[in-house]
Every structure is written in structure tokens, then in C-alpha cells.
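Participant:
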Amino acid sequence: MDLKRSSVLRGVKRDRVYLLLLAPALLYFILFRYVPMFGIVVSFMDYNLFKGVWHSPWVGLKHYRTFVHNPDAWIIIRNTLLLGLYRFIFSFPAPIILAILFHEMRWKRFRRFVQTVSYMPYFLSSVVVSSLMLMLLSPSTGWINKAIQSLGFKPVLFLQDAAWFRTIYIGSDIWQYAGYGTIIFLAALASIDTQLYEAAKIDGANRWRQTLHVTIPGLIPTTVIMFILHIGGIVSVELDKAFLLGNAANRDTSDIISTYVYRIGILSGSFSYAAAIDLSIAVVTMLFIYGSNKISRRLGETSLW
Amino acid sequence: MLVSACSKNEESSTSSSPGPSADASATPKSAPPATLRILTENNTSWPPKADWGVWKWVEEQTNIKVKQELQTGPESLALAISSGDMPDMISVFQSDVQKFGPQGAFEDLSKNMSKMPNVKAFLDKNPEEKARVTAPTGEIFNLYNSGAGEGSQMIWFYRDDIFQKNNLTPPKTWEDLYETAKKLKALYPGSYPFVFRHGMDTLNTFGPTFGFYPEVYPDPADPAKVKFGLQEPGAKMLVDWLHKFQEEGLMPPDWLTMDYKAWTQFITTNKSFVTVQFIGQLEIMNNQMPEGHLKFMVPPIGSGSKPYLPKAGQEGYGLAVASTSKNKDAAFRLLDYLFSEKGKDIQSWGKEGETYSVVNGKRVFNSTYKEPNDLRIVSGIQTAATYGLFDFNAWLSLVKESEREAYVEAPKYRFPVAYTRPSLTPNETAAVSPDNDQIWKFWTGEVSKFINGGRPMADWDKFVGELKSHGLSNIMTTYQKALDRQNANTK
Chain P
1 MDLKRSSVLR
11 GVKRDRVYLL
21 LLAPALLYFI
31 LFRYVPMFGI
41 VVSFMDYNLF
51 KGVWHSPWVG
61 LKHYRTFVHN
71 PDAWIIIRNT
81 LLLGLYRFIF
91 SFPAPIILAI
101 LFHEMRWKRF
111 RRFVQTVSYM
121 PYFLSSVVVS
131 SLMLMLLSPS
141 TGWINKAIQS
151 LGFKPVLFLQ
161 DAAWFRTIYI
171 GSDIWQYAGY
181 GTIIFLAALA
191 SIDTQLYEAA
201 KIDGANRWRQ
211 TLHVTIPGLI
221 PTTVIMFILH
231 IGGIVSVELD
241 KAFLLGNAAN
251 RDTSDIISTY
261 VYRIGILSGS
271 FSYAAAIDLS
281 IAVVTMLFIY
291 GSNKISRRLG
301 ETSLW
Chain Z
1 MLVSACSKNE
11 ESSTSSSPGP
21 SADASATPKS
31 APPATLRILT
41 ENNTSWPPKA
51 DWGVWKWVEE
61 QTNIKVKQEL
71 QTGPESLALA
81 ISSGDMPDMI
91 SVFQSDVQKF
101 GPQGAFEDLS
111 KNMSKMPNVK
121 AFLDKNPEEK
131 ARVTAPTGEI
141 FNLYNSGAGE
151 GSQMIWFYRD
161 DIFQKNNLTP
171 PKTWEDLYET
181 AKKLKALYPG
191 SYPFVFRHGM
201 DTLNTFGPTF
211 GFYPEVYPDP
221 ADPAKVKFGL
231 QEPGAKMLVD
241 WLHKFQEEGL
251 MPPDWLTMDY
261 KAWTQFITTN
271 KSFVTVQFIG
281 QLEIMNNQMP
291 EGHLKFMVPP
301 IGSGSKPYLP
311 KAGQEGYGLA
321 VASTSKNKDA
331 AFRLLDYLFS
341 EKGKDIQSWG
351 KEGETYSVVN
361 GKRVFNSTYK
371 EPNDLRIVSG
381 IQTAATYGLF
391 DFNAWLSLVK
401 ESEREAYVEA
411 PKYRFPVAYT
421 RPSLTPNETA
431 AVSPDNDQIW
441 KFWTGEVSKF
451 INGGRPMADW
461 DKFVGELKSH
471 GLSNIMTTYQ
481 KALDRQNANT
491 K
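Top line first, the protein sequences correspond to chains P and Z.
As numbered in the UniProt record's numbering, residues 1 to 305 make up the first sequence, in order.
As numbered in the UniProt record's numbering, residues 1 to 491 make up the second sequence, in order.
1) Verify the CB distance criterion: does residue 292(Z) have a CB-CB separation below 8 Å to chain P?
2) For residue 174(Z), which three-state DSSP category applies?
3) State the CB to CB distance for the pair residue 136(Z) and residue 204(Z), rounded to an integer number of angstroms; the pair is presumed to be in contact (CB under 8 Å).
4) If you draw a straight line from the alpha carbon of residue 304(Z) to that of residue 211(Z), how long is it in whole angstroms?
5) Tell me which residues share the same chain as residue 243(P) and place their Cβ nearer than 6 Å to its Cβ, disregarding the 5 neighbours each side in the sequence.
6) Evaluate residue 463(Z) with the Cβ neighbour count: other Cβ atoms within 10 Å of its Cβ, from every protein chain shown; 16 or more gives buried, anything less gives exposed.
7) Name the chain Z residues whose beta carbon is nearer than 8 Å to that of residue 138(P)?
8) Below 8 Å CB to CB, which residues in the same chain sit around residue 453(Z) once its five sequence neighbours on both sides are set aside?
9) Using a beta-carbon distance cut-off of less than 7 Å, what residues from the stretch 69-101 of chain Z approach chain P?
10) Quick one: grab the DSSP three-state call for residue 236(P).
11) If you compare alpha carbons, which of 440(Z), 291(Z) and 53(Z) is closest to residue 201(Z)?
12) Return the CA-CA distance between residue 289(P) and residue 128(P), expressed in angstroms with no decimal places.
13) Got a sec: which bits of the stretch 147-181 of chain P sit with their beta carbon under 7 Å from any beta carbon on chain Z, in order along the chain?
14) Just to confirm, are residue 63(P) and residue 276(P) a CB contact at a threshold of 8 Å?
15) Per DSSP, what kind of secondary structure is residue 106(P) in: helix, strand or coil?
16) What are the boundary residues of the beta strand (DSSP E) that residue 295(Z) is part of?
17) Can you name, in chain order, every residue of its own chain whose Cβ lies under 8 Å from the Cβ of residue 73(P), other than the five neighbours on each side?
18) Please classify residue 358(Z) as buried or exposed, where buried requires at least 16 neighbouring CB atoms within 10 angstroms.
19) Taking 8 Å as the CB-CB cut-off, is residue 248(P) touching chain Z?
20) Measure from the C-beta of residue 21(Z) to each C-beta in chain P and report whether the shortest distance is under 8 Å.
21) Counting only C-beta atoms, is residue 300(P) closer than 8 Å to chain Z at any point?
22) Would residue 452(Z) pass as an interface residue toward chain P - the criterion being a Cβ-Cβ separation below 8 Å?
23) For residue 50(P), return the contacting residues in chain Z, with the cut-off set at a CB-CB distance below 8 Å.
24) Taking residue 216(P) as the reference, give the member of 227(P), 192(P) and 204(P) with the closest Cα.
25) When the cut-off is 8 Å and only beta carbons count, does residue 56(P) lie next to chain Z?
26) Along the chain, where does the alpha helix (DSSP H) containing residue 174(P) start, and where does it finish?
27) So which residues of chain P does residue 444(Z) contact, with C-beta pairs closer than 9 Å?
28) Using a Cβ cut-off of 8 Å (strictly closer), state whether residue 270(P) contacts chain Z.
29) At 8 Å on the CB atoms, spell out the chain P contacts of residue 199(Z), in chain order.
30) As an exercise, report each continuous beta strand (DSSP E) stretch of at least 3 residues that is fully enclosed by the stretch 233-258 of chain Z, in chain order.
31) Just curious, the alpha helix (DSSP H) that residue 25(P) is in, first and last residue?
32) Determine, for residue 277(Z), whether the minimum Cβ-Cβ distance to residues of chain P falls below 8 Å.
33) Counting pairs of beta carbons, one from the stretch 390-406 of chain Z and one from the stretch 351-371 of chain Z, are three or more of them closer than 8 Å?
34) Thinking residue 26(P) and residue 99(P) are a contact (beta carbons under 8 Å), I'd like their distance in whole angstroms, please.
35) Is the stretch 327-340 of chain Z close to the stretch 102-116 of chain Z, with three or more CB pairs under 8 Å?
36) Using a C-beta to C-beta distance shorter than 7 Å, which residues of chain P count as neighbours of residue 192(Z)?
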């Protein structure tokens, strides 16, 4: 017991500089991620802002039951999961493919230019991206529909058709984030031993073979880590864009958990009900991450923990 | 009990002339200095400025410095309240008051009437206003602005020059509107003759001429009963018309996502000729258009025999005092000033020499103010939280002689009932809010499908039946109960 404690202390002393470096991040997580967790108790109460957590009456699972019995609940959950899943399937591979293409580009100056341009959309806010979408896709004034009409087709009601919402959401996501997402994969590519390429060349491998047998295997550990991190994102689709692009005509697909929680919780002031929905979702997210981590640990050596 | 006790005390001080005697108590010399934080809207068309005249005049009259804090979105109010650091006063709509008032966010003004003789006199003189601000449990959590409601009326207007040029007369019915729009489309193939920009909310404006408002409202035939508009036969007729307009390219296909800028472009570039919009936009557009002219249009008759606009005139925006404020007395003093005759005058007209001069016994605003909206932009006059009572003549005095017609004509077409709902208790609010969201989501989605052609109009009656499976009966019983209670309380 004593021995253990002293070794911990010794460890702390030895790593003090690193621990000090960790401190700000740790403080951030405690303050902004763990302390607010206490707030989940309001989902079991009829929370009153002015009575506070200590004096609001407990109501057990009332709000969870209300959510489960709401006929919209299933639609909202399905929309969220599908949007997250499609986003995962289509957005996740985009930066990997782009990174490999950048890697294969031999004209360095052009490559740097294209790379920089591809980062740019990342720095636009969802508000700007959404209004860009609204303008470009407008059936009366938008360029895209003007082009469609000039080819002799009827204008497409992109944003007034539930069937288009997911495509637009995911398409704009890829445009916005793929370039920036390549950074981590490019770093992984840079760390691949050049000797491997030389050996492959000696063995007679062409560019395509080299990509297939050296580049892609070299990316796998990073990809797996990113994959697990992204799994959590399936359920936590961001509010902004879904909210800004959503309207009465596409709400069948655009109403997701976060827009619903925003409407019910913040706008109509039902904090307890909204907290109950949010907590249910957080639990599902955790199960997703835990499950995928477990699977990846079974299948290979790479895992988050 | 409390209210009646207060009124006794005030009889002596306010009975003769409520204005001057109350104002005297609020002169800067006798009033202690205070600073109030007020949360208000952030309107990009008249961006708030710290040096607006309206705040300067408040300080001169009451010794209160106002710090305006701005809402950045519809969630700002909820966040301000839940943050624990509420501003001293807050601009509120009825729905905000219903949500947060009973939870204890706002001070009960009915208990403080002795400090606000002008407010009390105003409410006593206007029992309808008093009923509107009184919560089901008797508290008064807010006061509504009064006097500028005429300015938020939605009206119809059309391009009279284009109509004249092509020998067309303004449509009298929706049938006419449709035929006229077809003719205009033939004459101007790239145009969308009919345009509106509030998406689904525009049904609130179109509805009355078909005898309904979309959701819950008092029955015009018997205002003691609540109705749900989409069950009315008129709703089907309106949606059918809009579907026709959409299908034949007579209104822009993106009617649902149209914003102010896009709407302005349609109007100013000869792309649209008939529209509905806030009354003030008529003059603003006429001033902006390089050529052409817009004119007030009598609303086309939908069903029935009378043309109607929504009932307007009342304002739905007002002020509440935060229950957590440390400056409540200053807040009451400010409210009382805003509801005094002097406050009404100064906050509507500004000050002689500074904003206006008297010519031939009539007040004339100086040349800084060219159109009514400049009152807001330059001095903040008639913006949120800057007035209690408003003298609408101030606004009208800047409306050009040629543009006055709309203000004279619009009130003639008012629907008998306003689009309002009775106040709910906190329990009722909590019980009905998921259903309200559910039914709103359902009907707006389906109606947009009917209009865009995603669902055939033959399905309408089925749709009306489906409303019932989206919480309609709970909504109706809740609001009927609330209306009964409100009526019992006012009697």
C-alpha cells in the first residue's frame, strides 16, 4: 500500500512538467464537461428556474415517458440516426481519399495551392454555409437551378423537398470539412517509411500498386482511431445547419433531436423535458463508442483505450 | 384585495389630472440616479445605438441611464433568464410571459401599482388591456406597448402603374387574382406576379378573407368559443388557390424560404406585382423603386362576401421587470414615465428644437427624418422598450400625403377577432406544449406539401381527420378552459 502510494507520488514528481501541461485541458473538461453533468438531475424533476435544483419537485421518469409516447419521437430519432449514418458513410472517407490524392500529386506548388483552397470552407460558419446553400439552390434565383433550366429541365425544389435534405446536408458537409480533415491523414502519410516505397518499386510495383500496398496500409491505424471518434458523431448531429436549412416542407427529414430539443427545451422553456431527451441520446452515443471500440480491439490492435 | 387597497391611496393624487402630478414625482431632481439594463430585440433594419435620442430623453426625464442589451436569437430570452443574471427589464411577447412569468421570472406589477399611478390609470381606463395582461392567477407580469399597432398591420399592395399600362383592374376576389396573375405572367414571362415572404406565417394574413386563422383563435360568431382554423372549409379553399399559383408559376417556387432581401428584389426589379407586407413597407418600397409605383389594394375576397385583413391595432410586444432586479423602483419609475402623457409625447415626438419645430401650430419633424422609418433609425423612436404609449400621429406626420391612403383604408377591413390565445397556467402550458409542437409540425409540413403538389388536394379531408391524432383535442380543451376562465375573470 505504502509502496504503491510512494510510487504514485514519485510518478507525479517525475512527470510534473507534463502534468502541468495537462492541467488547463483537465480544468476545461472538469468545468465545462463534468460540472454541467450535474444538470441532468433536472430531467427527473419538474424543474422551476427560480426554485432551483434543490426545491423543484421530483417526478421520476415522467419526462422520459412523455418523449417515448410522443408519436414524433420515433421520426426524430430515425432522422437523426439516418442523417448521422449517411454523413458517416459519405463524409468519413472523403478526407482519406483527398489526402491520398494530395499525396500522389507530384507538382508541389499546385498541390499546396489546392490544399490551401480546400481548407478554406472549414473556416466558414454554418450560418454562412446555410445561406450560401439557400442562395445557390433557390429555384427562382439560384445559379444551380438556372443551370438546370438552361439545359431544358424543370427547376428542382431542393430545399422544399424532404427527399433532398440529407443530400444537401451531407454534400455541404463534405465540401466544408473534407479539406481540413486531410491534415491528420497527410501527417500519417508523411510518417510512412520511404524505404517501403523504394522496396515496392524494386519489386516492380507501379503507382497504383504502391498506393494499394504501402499507402493505404500505412493509413489504417489513423483511420481506425478516427473511425471510433466519428462513431460518436452519428447521434450528435449539429444543430445549426439542420435548423437553418430546415423548413415546413422538408421537416419530415430535417427535424432531428437537436432541433427538437432546441424548440421544446429552449424556445418553449421545457428544460426538464429537453434534458430528458438529451440524456437518452447521450447514453446511446456512449454505447455506440463503447461498442465500436470493443469491436476494433477484437479485430485489430488499434483502439481508443 | 391588494389592488383595491392601492387604488384607494391613489385616488387623491391621480384623480384630477393623472399626467402632470405623476410626472412631477419623476423629475430628475427628486429622483435618485439609476442605471437599468434592458434586454430588447436586435433589429438589423434599425440597429440599436447607445446615443439614440429615446434613451437620452429617458435620462433627462427620469434620471435613469438605460443600457440596452440585445437579443441575438429567439433563445436569448430563455438563456438570459436561466443564466441567473437577468437584465432589470425585458422586452417580452405574450408567449414569453406565459412561459416564464408563472415560474417567477417577472415581478408582479399588480402589487406595485401604487408606485405607477400613470400605469394604473391607463389600465383602469382600458379594461381590455388590463384583461390581456392579467395572468390566470391574477398577477400582472408585463405591460403591452400601446398606440403603434397600426404600424404593424399587414396589407395588400400592387403595382398600379403596371396595372394601368396593361389595362388591368385590381382583383376583387381570389378568382380575379388568379386570372390577373395569369395575364401578368403572359405579359412578363420571367415574372412571378404574386409574391409573399413570410412562408407559412402568411396564412395568418390570407386566412381572414377565407374566414379563419390557421390555429387556435376565438370564434368570430361566438368569441367565447375557441376554434381551430384548419378545420374550416375556407382553409381548404385557400390552400387550393396557393397550390394553383405555385403549380402555374404565378408565385415564386421558393415562397417558403424567401427572405426580405429576395422579396425586395422581386418587387424592385419588375418581377412581382401583387404582394402582402407590413404597411410601412409600401412607402419604403416606393422610395426605393427606380420607377413604378405601389398602391394599397383592397384584400381580395376568398370565401364569403367581405374582404378581410387580420384584426390589428393592438401590439403584442411589451415590457416586464425582472424579479431578480436590484433596481425595481427605478424600473417602476421608468414604466410610469413611459405610460404618462409627457412620456408619450416625448418618446413619440422627441423634443422641440431637437427633433421637430412647430410650424403654423403644427409639429414638423426636422429634415433628418425623411420617411417614418428614419424615426427608428436615427433616434430609436417606436422601437422596443422605448415607449409605453405611442402617439401614432408622430409616425403619420412623416408618411407622405400620397402614401396615407393605406393607413386610412386598412382599418376598414379588419376581421372581427384578433389572432390571440388566452393565457395558460404553468401546468397547462407544460401539458400542452409537446402537443402544440406536434400539431404545428404536422400541419405546416402537410400544407406545404399540398401547396407544392407533394400531396393531392383530394386528400384534404383526410388531412383534417389526421389533425385529431396529433393532439388536437387536448389543445382545444386546454384553450377552451383557459378562455372560459379569462371570460369569467373579466366579468
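Quick reminder that beta carbons are idealized off the backbone N, C-alpha and C, glycines included.
Remember, predicted model here, so these are calculated numbers, not experimental data.
Facilitator: Looking at the coordinates:
1) So no, residue 292(Z) is outside the interface.
2) Note: residue 174(Z) maps to helix in three-state DSSP.
3) That pair is no contact at about 25 Å.
4) Those two C-alpha atoms are separated by around 8 Å.
5) Setting aside the 5 residues that flank it on each side, residue 243(P) is surrounded in the same chain by 259, each with a C-beta closer than 6 Å to its C-beta; the list follows chain order.
6) Buried, since its Cβ has 16 or more Cβ neighbours within 10 Å.
7) By Cβ distance, chain Z contributes 254, 257 and 262.
8) Contacts found: 243, 246 and 247.
9) Along the stretch 69-101 of chain Z, the positions whose C-beta sits under 7 Å from a C-beta of chain P are 74, 75, 78, 81, 82, 99 and 100, read in chain order.
10) Three-state result, residue 236(P): coil.
11) The residue with the shortest Cα to Cα distance from residue 201(Z) is 440(Z).
12) Roughly 31 Å between the two C-alpha positions.
13) Result list: 155, 157, 159 and 160.
14) Yes, these two residues count as a Cβ contact at 8 Å.
15) Under the three-state reduction of DSSP, residue 106(P) is assigned to coil, being neither helix nor strand.
16) Where residue 295(Z) is concerned, the enclosing beta strand (DSSP E) starts and stops at 294-297.
17) Here the set comprises 67.
18) Exposed, because fewer than 16 other Cβ atoms sit within 10 Å of the Cβ of residue 358(Z).
19) Yes, residue 248(P) counts as interfacial toward chain Z.
20) Confidence is the limiting factor: at residue 21(Z) the pLDDT is only 42, short of 50, which leaves the residue's position unreliable, though a coordinate-based value still follows. Using a CB distance cut-off of 8 Å, residue 21(Z) does not count as an interface residue toward chain P.
21) Residue contact with chain Z for residue 300(P): absent (no Cβ-Cβ distance below 8 Å to any residue of chain Z).
22) Among the CB atoms of chain P, one or more fall inside 8 Å of the CB of residue 452(Z).
23) Under the 8 Å cutoff, chain Z gives 103, 104, 105 and 323.
24) Closest option to residue 216(P), Cα to Cα, is 192(P).
25) No, no contact with chain Z.
26) Counting along the chain, the unbroken alpha helix (DSSP H) around residue 174(P) starts and ends at 162-190.
27) Within 9 Å Cβ-Cβ: 247, 248, 249 and 251.
28) It does: the Cβ of residue 270(P) has a partner Cβ on chain Z nearer than 8 Å.
29) Neighbours of residue 199(Z) on chain P, chain order: 247 and 248.
30) Complete beta strand (DSSP E) runs here, min 3: none at all.
31) Per DSSP, residue 25(P) belongs to the alpha helix (DSSP H) from 16-29.
32) Proximity of residue 277(Z) to chain P, defined by a Cβ-Cβ separation below 8 Å, is not satisfied.
33) Touching, per the Cβ criterion.
34) Contact flag wrong, Cβ pair sits at about 31 Å.
35) Yes, the stretch 327-340 of chain Z touches the stretch 102-116 of chain Z.
36) Simply 140.
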